[in-house]
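A.B. asks: Once you've had a glance at the structure underneath, I'll fire off some questions.
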Amino acid sequence: MERNKKEYAVRIIKILEEDYGHVKCALNFSSPFELLTAAILSAQCTDERVNKVTENLFKRYKSVEDYANADILELENYIKSAGFFRNKGKNIIKSAQMVINKYNGDVPQTMEELLELSGVARKTANVVLVSAFGKSEGIAVDTHVIRIANLLELTEYDDPVKIEKDLMKIVPKKYWINFSFMIQTLGRRICKARNPVHVFCSLNKICPLLQK
DNA sequence: AACTCGGGGCA
DNA sequence: TGCCCAGAGTT
2 MERNKKEYAV RIIKILEEDY GHVKCALNFS SPFELLTAAI LSAQCTDERV
52 NKVTENLFKR YKSVEDYANA DILELENYIK SAGFFRNKGK NIIKSAQMVI
102 NKYNGDVPQT MEELLELSGV ARKTANVVLV SAFGKSEGIA VDTHVIRIAN
152 LLELTEYDDP VKIEKDLMKI VPKKYWINFS FMIQTLGRRI CKARNPVHVF
202 CSLNKICPLL QK
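Sequential numbering of the first sequence, starting at 2, is according to this note's numbering.
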């Protein structure tokens, strides 16, 4: 079963690479801490909306110190439209303080350390590792990945931790980074949670949903 | 395992 | 105007 699923996964990846092989992180940022901030904001929020928020946020706050010393109410005002802004504002400031106090101002580069930061769990940590540092200790699993991996019958159930473990067994390691980017892009643009655009889907020849 | 934490887009 | 989208933390 594992071998067949691996071959199936690679087939999917090869097809997706034709359309999405060049795709990178959808979040805008110009430093690791900006990416960390954007990634924290992206919880339960689309990347497009995060980019809208960070456009002004990144003009107002330039350094990790600026975030660590930020007035919570003022910062919250900048990030309101990303939703859950009271949690996220607190988390951004607390994470900035920890980056300064514990890591000398540099965003840490391991999963274990990133998970200690406020507002950072596995999905966000994976995003930071991949896009800020080009490292991957796992596969970023968001709702797009859950939906599409289940749809393609690569995985089952909806526990992101379990899905990530299963995908790490099925997807060859050299594809981990691109797999997330490509699936997320497909999920945002084509294979949406609602009203998927089957005609434009790269996978419409093999999608189990369309074979019945 | 179940709950809380908002706001924006679209019908 | 009400439904749906998108993760982390706490109990």
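Here a beta-carbon is modelled for each residue, glycine too, at the ideal position from N, C-alpha and C. What you are looking at is a predicted structure, and each value in this text was computed from that prediction instead of being measured.
Check TYR176 in the structure and name its three-state DSSP category.
C.D. replies: Locating residue 176 in the first sequence gives position 175, where the first residue counts as 1. DSSP places TYR176 in helix when its eight states are reduced to three.
A.B. asks: Confirm, please, whether the CB-CB distance from LEU116 to SER219 is below 8 Å.
C.D. replies: Nothing can be reported for residue 219, as the shown portion of the chain is limited to 2 through 213.
A.B. asks: May I ask which residues mark the beginning and end of the alpha helix (DSSP H) holding ARG61?
C.D. replies: As a first step, residue 61 is located in the first sequence; it is residue number 60 there, counting from the start. First-last of the alpha helix (DSSP H) with ARG61: 48 to 61.
A.B. asks: Taking buried to mean at least 16 other C-beta atoms within 10 Å of its own C-beta, is LEU211 buried or exposed?
C.D. replies: Taking the first residue of the first sequence as 1, we reach residue 211 at position 210. The residue in question, LEU211, is exposed, as its Cβ has fewer than 16 Cβ neighbours within 10 Å.
A.B. asks: Exposed or buried, which one is VAL162 when buried takes at least 16 other CB atoms within 10 Å?
C.D. replies: Stepping through the first sequence from its first residue, residue 162 is reached at position 161. It counts as exposed.
A.B. asks: Could you say which of ASN5, MET112 and GLY120 lies nearest to GLY135 if we only look at CA atoms?
C.D. replies: To locate residue 135, count along the first sequence from 1; it is residue 134. Among ASN5, MET112 and GLY120, the Cα nearest to that of GLY135 belongs to MET112.
A.B. asks: Can you round the beta-carbon distance between ILE147 and MET169 to whole angstroms, since I take them to be within the 8 Å contact cut?
C.D. replies: Numbered from its first residue, the first sequence carries residue 147 at position 146. Numbered from its first residue, the first sequence carries residue 169 at position 168. Rounded, the Cβ-Cβ distance is 14 Å, inconsistent with contact.
A.B. asks: Identify, in the order they occur along the chain, each residue of the same chain with its Cβ nearer than 7 Å to the Cβ of ASP143, setting aside the five sequence neighbours on each side.
C.D. replies: Within the first sequence, residue 143 is the residue found at index 142, counting from 1. Closer than 7 Å at the Cβ level, and outside the excluded window around ASP143, lie LYS124 and GLN185.
A.B. asks: Check whether the stretch 50 to 65 touches the stretch 83 to 97, counting contact only when three or more Cβ pairs, one atom from each stretch, lie closer than 8 Å.
C.D. replies: As far as the Cβ criterion goes, the stretch 50 to 65 touches the stretch 83 to 97, which means the pair count is three or higher.
A.B. asks: With DSSP as the reference, label PRO109 as helix, strand or coil.
C.D. replies: Indexing the first sequence from 1 puts residue 109 at position 108. PRO109 falls in the coil class under three-state DSSP.
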